[in-house]
Structure formats: C-alpha cells, structure tokens
RNA sequence: GGUGCCAUCGCCAAGUGGUAAGGCCGCAGCCUGCAAAGCUGCUAUCCCCAGUUCAAAUCUGGGUGGCACCUCCA
C-alpha cells in the first residue's frame, strides 16, 4: 500500500520495519472536556487505517494515548474542587462511549500520561545526560533546540528572526526562544508531581515520546514506530518537538511515516474553543446515528479539510441508506465469506493512501449491480452469496452496515410512535384490501406526517425514518 | 510577515500526461392502484493567461481567489 508521508510530503510505498508487523501511534485526546467533531475525525481516520492495515495481513499494534496531565485539566480540577482523576476519568469514559457509537475500535494500547511518568523522567534524564536539555535557575528543564541540528526538519519551518526577538523578552530563562519545556517546576500548592527534578508537571510534548519508548519501540529499531498520526495542527510544534526528544534521547528516530488528518470546519468556519463554535460529539450523537456520522466524517479524504454541515450529512445518510436497503433485500440469509473481485478492488482503493472516494464509488457500483440483478426474475443464489460476502467485507473494513437494517431505518423513533405507525399501517392494509384507495392514501399521509417514508413491497408495507 | 495547502458539473467529491469515477439534486422512462424504494437514460473539458508536449484537469511560469499553520488545540 502507499501512504502520504507528511514529513517527506509525498506519497510512498509503505514498508514496515519488521515484515508483517506494524506499529501505529496516534495522538489522542486531552481529557479535560467533551470530544468534538475533530476528535471524532481523527479517531475515525486512524481506525480506518488500522483496519486497512489488518486487511492487508499486517499484525497491527495500535496505540492511542490519553493525555491526563495538562494545565487545563489541573485548572478545571481546582475550579471544581475535584481531583484530576475525577475529571479525567469522567471525560475518558465519555470519550470511549462516544467513540464506540462511531464504531471506532479501541486501540490495542491506550497509555495514560499519569501511568507513564517513569518513562518521562527517564527520557528527561537521558536528555540532560546527553546535553540536549538543561535546567534553569527556577527549576524548569528545557530541551535545547540548538543542540539538535535536525530540529525543524519535520515541519520544514524556518526560524523567524523577529519572532525570536519577541519571545526572548517574554521568557528570559530559556537559552533559545524555540526551546520547549520538558519539566515545568511548580512552587505553589497546586497539583504537582514529584520527580527527580523537583515538584512540577511534565511538558506537553514529552509524554508521547516517553509512551512510545515504553510501549512500542524496540531499542535496536531505526524508528520507534512505523507510523505516527495525529491532527494536522500537531505537526508543529507538537510532533516537531516529539521527534527532537526521541531523536536526541534514544537511539532512533521517532517515526518512519508521519500522517496528519485534515481539520473539521463548521459551516465554513474553523471550529475552535476560542471561537465558541465547537460542535461536541455528544450533541451530534443526540441528533444523528453514530454510524451516519462515521460515514459522513469518513466520506472525504482524510487529508482534506472537512466542512461539516447538515445538508451534506443528510446526503451521506442517503448514501449509507443504500447499503442498508440492499442489506434489507437479503435480510435473514446466511452465507459463508468468500473472496470476490469487488473486495479486492475495494482494498486496492483503500491501499492507495486511503482513497475513500474511489472506495465509495466501488461500493455504489456494487450495490447498483446487485439491485439490478435482484430486480430480474430468478433466485440469483450465487449473486446473493457474493453480495452477502461483499456486505460483510464492507462492514469489517469500513464499519459501514454494522446494524440490523430495520434498526438503522428507525433510529431515534420512540417505541410509542413505532406502535402508532404500526397501527396505521394495519388500517391502511385493510383499506387497500378492499381497494379503498382514497382511505389508503389518507392513511399514508398520516403516516408520512411522522417524518417517515412508506414503501409497499410484496412482503408488506415498511417504513423508514427520513 | 514566514511556511505550506487548495481551486473539477447546482451541491459533495475522485482522478497527477492519453482524451472527465461516484453520490445528492433535477428531468424522462420502467415498475406501482397511486406512491416510495429499485432499475434505465440524460446533465461538466476541469479559476484565468502563457508555455512544454504528438497529447495536460494532470507538468512549468505568471495571475486571481480561498484556506491552514506559525500560540493551547484533533
């Protein structure tokens, strides 16, 4: 397969360090608030990547961290008079529940910063020993960017002189304005951690490097992980700094391939905390089925910026509906998984840097071909078998079509309403039996008023939520 | 200001040298008591200009217009 490597800014053949095995590390959430659509996008993109890697026969070790040490967490804990664990457990739990609704599989490893402090201390010490880090008078430990000749090679940034000057004034303890904190000393009574460097908190960038060393890397490997992923905004400074720490504090570079997913905008506007237009996942999930959101957020290439709006979401649902309608036509049939050309083509499309558009086009064409044949008289045993295999493959590889089709089409409808619709359909069936079409059509209008579609089939009348 | 990305049908969106995938919407038809669903058919020469080439949406140069990062952020 080929992947776009954002460090080399080109698409290239993916070759893991150890044949048949892939290590994947993705920057996960800082659990101080509810997850928004951007978190969902990132989790979905790398969920898809891990599925595609597995489908190619790789044994994947997927790690996504939980950042549970952070100033924002600490501030919130102080504000609400809670422990940081109370705060982080709450949002971690919410994150897991919401991701599950999106069909995002749990990574193999989910390291937490609080459980990786030893690895962080070890890395800081190594960097101090190597003279890649230094202590300041007030007890902070900084990474010395001037000691790393490869610094900024990942993000391809050029240090700006005027920028340098501005920042020198604001942080006089640093040798170089680009230097970043590995350990921040804290003198007051707020929440701190005891380290060999005194009381304080680890720097933001440190945990990823430390966790990767602890959980994924082999000392003799050239790269700590095969693939490192995260949101596009993390390229600088977060990933640049991570890469520097690992390069200077260990015997290897951080990642062989870097992957960054594009941003989610809302109605053309950047979504951000400061603009106050964050679309929280929990709110979206109240209105939309998690699988519809999954389909929608994955329907555009992972590197593009994504413009979230309800109109496109509705279009995405219609496209997902097509999978479910075909599923419905084959409902209750069993099958043995078998390989088909379609499956091969689908995987080939995804192997091209996760070309989701080509994949969805293949799926739509497969659906149309199947419907076309099913519309003609005959039993079509072979086609049905193949189609069921194809649908199962789509479910496994992309996570689309995971539910019972009747559930899918009745998302968000109360049991009470369902009963009312059922009663109206029964009345209408009776009217139809005696060919009282005026009454039948009037009843249909009543049913449609519930915001559903009604469809008459040889097996009875069915409804779908629009 | 620095760095980088993008510009394809009404909308969403693939395609990186050989003559424009797919979805939504729309129109016509088949099917249907009528619908819905499904199926069939129809709908773009790729922001502008110049260049390279037998051949360019796809390469080069110049415009124009969007956007992102450079500060915590997926």
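In the numbering used here, the protein residues as written are 507 to 972. C-beta: ideal position from N, C-alpha, C; glycine also.
Whose C-alpha, out of the options, is nearest the C-alpha of residue i?
i	options	result
residue 535	529, 857, 546, 970	546
residue 708	786, 628, 658	628
residue 448	814, 730, 892	Because residue 448 is not part of the residues shown, which for the chain are 507 to 972, the question remains open.
residue 789	679, 860, 541, 871	541
residue 972	625, 828, 647	828
residue 523	854, 730, 951	730
residue 639	813, 517, 680	680
residue 516	962, 583, 723, 764	764
residue 896	566, 866, 917, 662	866
residue 695	612, 580, 648	580
residue 634	813, 817, 689, 657	689
residue 843	918, 816, 888, 825	888
residue 813	826, 543, 538, 562	543
residue 588	760, 538, 851, 555	538
Is it right to say residue i is buried, meaning 16 or more other beta carbons lie within 10 angstroms of its own, or is it exposed?
i	result
residue 605	buried
residue 920	exposed
residue 728	exposed
residue 751	buried
residue 514	exposed
residue 931	buried
residue 553	buried
residue 703	buried
residue 837	exposed
residue 954	exposed
residue 883	exposed
residue 655	exposed
residue 839	exposed
residue 940	exposed
residue 590	buried
residue 793	exposed
residue 650	buried
residue 1021	Missing from the structure shown is residue 1021; the chain here goes from 507 to 972 and no further.
residue 756	buried
residue 850	exposed
residue 823	buried
If we ignore side chains and look at the alpha-carbon of each, how far apart do residue i and residue j end up?
i	j	result
residue 894	residue 934	33 Å
residue 586	residue 821	42 Å
residue 713	residue 632	14 Å
residue 630	residue 766	27 Å
residue 664	residue 743	12 Å
residue 806	residue 863	7 Å
residue 674	residue 749	Any reading at residue 674 needs caution, since the residue's pLDDT is 43, under 50, leaving its predicted position unreliable; the model's value is listed next. Answer to the nearest angstrom: the Cα atoms are 24 Å apart.
residue 945	residue 937	6 Å
residue 964	residue 835	12 Å
residue 784	residue 819	17 Å
residue 877	residue 890	10 Å
residue 684	residue 737	22 Å
residue 570	residue 796	21 Å
residue 845	residue 771	39 Å
residue 510	residue 595	35 Å
residue 573	residue 753	22 Å
residue 872	residue 960	25 Å
residue 667	residue 758	Bear in mind that a pLDDT of 47 at residue 667, under 50, signals an unreliable position, so the number given afterwards is only what the model happens to contain. Looking at the two C-alpha atoms, the distance is approximately 31 Å.
residue 686	residue 614	30 Å
residue 716	residue 549	21 Å
residue 559	residue 856	10 Å
residue 958	residue 618	45 Å
residue 861	residue 697	46 Å
residue 528	residue 734	11 Å
residue 901	residue 652	50 Å
residue 583	residue 641	28 Å
residue 575	residue 659	28 Å
residue 602	residue 691	32 Å
residue 610	residue 518	26 Å
residue 808	residue 966	42 Å
residue 693	residue 810	44 Å
residue 562	residue 949	52 Å
For residue i, which beta-bridge partners are listed by DSSP?
i	result
residue 641	647
residue 968	961
residue 775	772
residue 528	566
residue 511	516
residue 542	786
residue 753	Note: residue 753 sits in no beta bridge, so no partner.
residue 663	Its beta-bridge partners do not exist; DSSP assigns none.
residue 615	569
Only counting runs of 3 or more residues, tell me where the beta strand (DSSP E) segments fall wholly within the segment 789-870, in order along the chain. Whole beta strand (DSSP E) segments, 3+ residues: 812-814.
Which runs of the beta strand (DSSP E) spanning at least 3 residues fall entirely within the segment 719-751, listed in chain order? The segment 719-751 contains these whole beta strand (DSSP E) runs: 729-737.
Could you pull out every unbroken alpha helix (DSSP H) segment of at least 4 residues lying fully inside the segment 862-923, listed in chain order? If only uninterrupted alpha helix (DSSP H) runs of at least 4 residues are considered, those enclosed by the segment 862-923 are 862-880, 887-904, 911-914.
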